[in-house]
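S.K.: Dropping a structure here in structure tokens format, bear with me for questions.
Protein chains: 2
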Amino acid sequence: MNSISVFAPASVANVSCGFDILGFCLEGVGDHFLLEKADHKNIRFKAILGQELPMDPAKNVAGIAAQALLKEYPVDFGIDITLKKGIKPGSGIGSSSASAVGIVYALNKMLGLGLKKNELLPFAMAGESFASGSAHADNIAPALLGGFTLVRSVEPMDIVQLPSPSNLYAAVIHPQIEIKTSDARAVLSNTVDFKDSIQQSANLGALISGLYTEDYELIRRSLVDLLVEPKRAPLIPHFYEMKNAALEMGALGASISGAGPSLFALTQGKTNAEKAATAMANILKSTDIPFEIWVSPINTKGTITTDDHEIF
Amino acid sequence: MNSISVFAPASVANVSCGFDILGFCLEGVGDHFLLEKADHKNIRFKAILGQELPMDPAKNVAGIAAQALLKEYPVDFGIDITLKKGIKPGSGIGSSSASAVGIVYALNKMLGLGLKKNELLPFAMAGESFASGSAHADNIAPALLGGFTLVRSVEPMDIVQLPSPSNLYAAVIHPQIEIKTSDARAVLSNTVDFKDSIQQSANLGALISGLYTEDYELIRRSLVDLLVEPKRAPLIPHFYEMKNAALEMGALGASISGAGPSLFALTQGKTNAEKAATAMANILKSTDIPFEIWVSPINTKGTITTDDHEIF
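Residue numbers (our numbering), protein chains in the order written: chain U, 1 to 312; chain D, 1 to 312.
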């Protein structure tokens, strides 16, 4: 295959009671890759569009993930990579994960390796670890596989794909402020109250049951995060105003996407997601904080090959 | 209805990673009740067979649960209760819960109240709280409803019924030693390591997914308790020998039933459950600890009306 283009979507991790382990995949926002065989012998970035990122493959997420895969499956030709970033780094909707999974998915197709998506995860993890400084799979799993994913274990990698109720939608708002990773980590303690941890577990279990049975009211009752949201919410200006605005519009639940600053709301139906997005946006319109919003069904496809050569 | 007989089964609570919230129902072991209308005006125990328990309704679990229900639904006639205990109190397989759910289920039928099983739970909880000194529903829910149950919340009561893979079996061994409730509680801390609590949650979520998808290998990988088993195991002589013996026989997992001293093992298939039960029994045969063993599929019926009048 002489060239291939792929789309790797944004994703929401740390889904409420599923901190560090539960994520889901978004539609319509993400990174586009174009890979082309080249006469030279190098793996190099021809262009990175949409965001200012280092062109050195050893210094960006996609390059690191590519090197991890090509170390195991070497090639004797060069590859020119064009990356069009659709996600801002630091937004909390899986920017680095989209880049990491997009490149390994594209390389697998281009080289005809025939690896399954699950088998690509470790290479994507190499890129993700470079970006976040630690090994988390709760964005890369949904970005690659689609739908809701539960990370039962990272070492060894054990990802559980969960069903998505067909009428489940997400509203996401990205307040364009910076939250330092060090701050987001500093507010969390090494220990938690045992009773709270049991309640958090009960909510996660019930949420997963609700996904299997399409029980939207059970999903609503279960979307409660006792352990992380109370500590991180103060880092996001107007967090509770936005959350409550979404809930007042009928959202099943709302919380921090990833480590923030983005918020997600889950809703039954697209109309409710649009209302929740508008309600959250209205809160920020009365401030000087710029923002982006997205409304999306749960994307069950994950990373896909596209015919969007023309997008570049 | 002038008389009714019911069977209320034993159950396993604190199922591995589901401490305090996950339970399942056993078959073939439990409490039998016979209720008969009487000429007198009292609710009284005519006989309690199989165990020595107080005959005063204000001083035993079934009596307390009956009083809770009859306070809300008074009767103008007397009831003679015969209780045949099939479970030893303090065994860790839901003795008090079987008594609490059996009596309220029987009263609901006898009085023609037409309450759903879910609506009976609060009355059974009154009995259970009397027995255990705190409000836990992880034995009464499976004993009443059958199958696997997740207690999302006790206040308000929110029970999630989970599916049971058809070939999932349990082996249970009851070493006849006493564990003081105070000792079982004293070994647990008020706080837990945050990372461990996340791993525990991940295992619970994956276990629930495995129940829905009948993925026995996922169930196997998920039946890990990081938080409670390591602390309570030392209270049960030969715990790890029995657990390992069950695992060597192919059990998917094994851990403490309730607060002990019973152990349960879950297996794929009846033969493996019999092997696991025998292997655990062989450990105790080399000691002077008397024991009972049971092999059972997951009982999906829970508490039922029987025609076993003759059992008394």
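Yeah, the Cβ is synthetic: ideal placement off N, Cα and C, and Gly gets one too.
I'd like to know if the segment 202 to 210 of chain U and the segment 261 to 268 of chain U are in contact, where contact means that at least 3 CB-CB pairs between them fall below 8 Å.
M.R.: Segments in contact, no.
S.K.: Using only the alpha-carbon positions, how far apart do I81 (chain D) and P122 (chain D) sit?
M.R.: Distance between the alpha carbons of I81 (chain D) and P122 (chain D): 21 Å.
S.K.: Which value, in whole angstroms, describes the spacing of the CA atoms of G260 (chain U) and I208 (chain U)?
M.R.: Looking at the two C-alpha atoms, the distance is approximately 23 Å.
S.K.: Could you please give the first and the last residue of the uninterrupted alpha helix (DSSP H) stretch that includes L107 (chain U)?
M.R.: Taken as a continuous stretch (DSSP letters only), the alpha helix (DSSP H) holding L107 (chain U) covers S95 to M110.
S.K.: Could you name the residues that DSSP lists as bridge partners for L22 (chain D)?
M.R.: Partner(s): D:L150.
S.K.: Given that a residue counts as buried once 16 or more other Cβ atoms are within 10 Å of its Cβ, and exposed if not, what is F77 (chain D)?
M.R.: Exposed is the call here.
S.K.: To test your reading of the DSSP string, which unbroken beta strand (DSSP E) runs of 3 or more residues are found completely within the segment 160 to 196 of chain U?
M.R.: 168 to 175 and 191 to 193, all fully within the segment 160 to 196 of chain U.
S.K.: Nearest-angstrom Cα distance between G18 (chain D) and S5 (chain D)?
M.R.: Their Cα atoms are separated by approximately 32 Å.
S.K.: With a Cβ-Cβ cutoff of 7 Å, do S99 (chain U) and D193 (chain U) count as a contact?
M.R.: Cβ distance not < 7 Å, so S99 (chain U) and D193 (chain U) don't count as in contact.
S.K.: In angstroms with no decimal places, state the Cα-to-Cα distance between D39 (chain U) and M1 (chain U).
M.R.: Answer to the nearest angstrom: the Cα atoms are 14 Å apart.
S.K.: Less than 7 Å between CB atoms is the rule here; does Y313 (chain U) satisfy it with respect to chain D?
M.R.: The question about residue 313 (chain U) has no answer here: the residues shown for chain U are numbered 1 through 312.
S.K.: Distance check for Y240 (chain U) and K46 (chain D), CA to CA, integer angstroms please.
M.R.: Rounded to whole angstroms, K46 (chain D) to Y240 (chain U) spans 59 Å at the Cα level.
S.K.: Assign Y169 (chain D) to buried or exposed, taking buried as 16 or more other Cβ atoms, counted over all protein chains shown, within 10 Å of its Cβ.
M.R.: Buried: at least 16 other Cβ atoms inside 10 Å.
S.K.: DSSP state of V295 (chain D), grouped into three classes?
M.R.: Strand at V295 (chain D).
S.K.: If you measure from the beta carbon of F24 (chain D) to each beta carbon in chain U, is any gap under 7 Å?
M.R.: Not an interface residue.
S.K.: Rounded to the nearest angstrom, what separates A184 (chain U) and S197 (chain D) at their Cα positions?
M.R.: Going by the C-alpha atoms only, they are around 19 Å apart.
S.K.: Rounded to a whole number of angstroms, what is the C-alpha to C-alpha distance between D138 (chain U) and V101 (chain D)?
M.R.: Distance between the alpha carbons of D138 (chain U) and V101 (chain D) is about 41 Å.
S.K.: In chain U, which residues lie with their C-beta within 8 Å of the C-beta of T191 (chain D)?
M.R.: Within 8 Å Cβ-Cβ: T191, V192, D193 and F194.
S.K.: What residues from chain D crowd round G205 (chain U), counting only those whose CB sits closer than 9 Å?
M.R.: Here the neighbours are G18, I21, L22, L150, R152, V160, L162, S201, L204, G205, L207 and I208.
S.K.: With DSSP as the reference, label I283 (chain D) as helix, strand or coil.
M.R.: Note: I283 (chain D) maps to helix in three-state DSSP.
S.K.: With H, G and I counted as helix, E and B as strand and the rest as coil, what does DSSP make of E36 (chain U)?
M.R.: If DSSP states are grouped into helix, strand and coil, E36 (chain U) belongs with the strands.
S.K.: May I ask which residues mark the beginning and end of the beta strand (DSSP E) holding L113 (chain U)?
M.R.: Looking at the DSSP string, L113 (chain U) is not in any beta strand (DSSP E), and its letter there is neither H nor E.
S.K.: Would you check if the distance between the CB atom of R220 (chain D) and the CB atom of L252 (chain D) is smaller than 7 Å?
M.R.: Going by C-beta atoms, R220 (chain D) is nearer than 7 Å to L252 (chain D).
S.K.: Just to make sure I have the definition right: I need the residues of chain D whose C-beta is within less than 8 Å of the C-beta of S222 (chain U). Which are they?
M.R.: R152, listed in chain order.
S.K.: Going by alpha carbons, who is nearest to K84 (chain D) out of D:L35, D:G250, D:S132 and D:P74?
M.R.: Selected option, being the one with the closest Cα: D:L35.
S.K.: Enumerated in chain order, which unbroken segments of the beta strand (DSSP E) with a length of 3 residues or greater are wholly contained in the segment 212 to 261 of chain U?
M.R.: Those beta strand (DSSP E) runs which fall completely within the segment 212 to 261 of chain U and span 3+ residues are 253 to 256.
S.K.: Count the other CB atoms within 10 Å of the CB of T313 (chain D); is the residue buried (16 or more) or exposed (fewer)?
M.R.: Residue 313 (chain D) lies beyond the range of chain D shown here (1 to 312); nothing can be said about it.
S.K.: Using the beta-carbon of each residue, which ones in chain U are nearer than 9 Å to I293 (chain D)?
M.R.: Within 9 Å Cβ-Cβ: nothing; I293 (chain D) doesn't reach chain U, min ~29 Å.
S.K.: Is the separation between the beta-carbon of A131 (chain D) and that of S182 (chain D) shorter than 7 Å?
M.R.: No.
S.K.: Using a Cβ-Cβ distance cut-off of 7 Å, determine whether S5 (chain U) contacts chain D.
M.R.: No, S5 (chain U) lies away from the interface with chain D (no Cβ there is under 7 Å from its Cβ).
S.K.: Is S16 (chain D) buried or exposed, if buried means 16 or more other CB atoms sit within 10 Å of its CB?
M.R.: Buried, since its Cβ has 16 or more Cβ neighbours within 10 Å.
S.K.: Short check: CB of I87 (chain U) to CB of A62 (chain U), under 7 Å?
M.R.: Contact: no.
S.K.: What first and last residue would you give for the beta strand (DSSP E) that runs through V12 (chain D)?
M.R.: S3 to V12 is the extent of the beta strand (DSSP E) around V12 (chain D).
S.K.: Within the chosen definition, does the segment 156 to 175 of chain D reach the segment 280 to 292 of chain D through at least 3 CB pairs nearer than 8 Å?
M.R.: Short answer: they touch.
S.K.: When you compare the CB of I298 (chain U) with every CB in chain D, is at least one pair closer than 7 Å?
M.R.: Output row for I298 (chain U): interface = no.
S.K.: Should the segment 209 to 217 of chain D be called in touch with the segment 157 to 167 of chain D, which here means at least 3 C-beta pairs below 8 Å?
M.R.: Touching, per the Cβ criterion.
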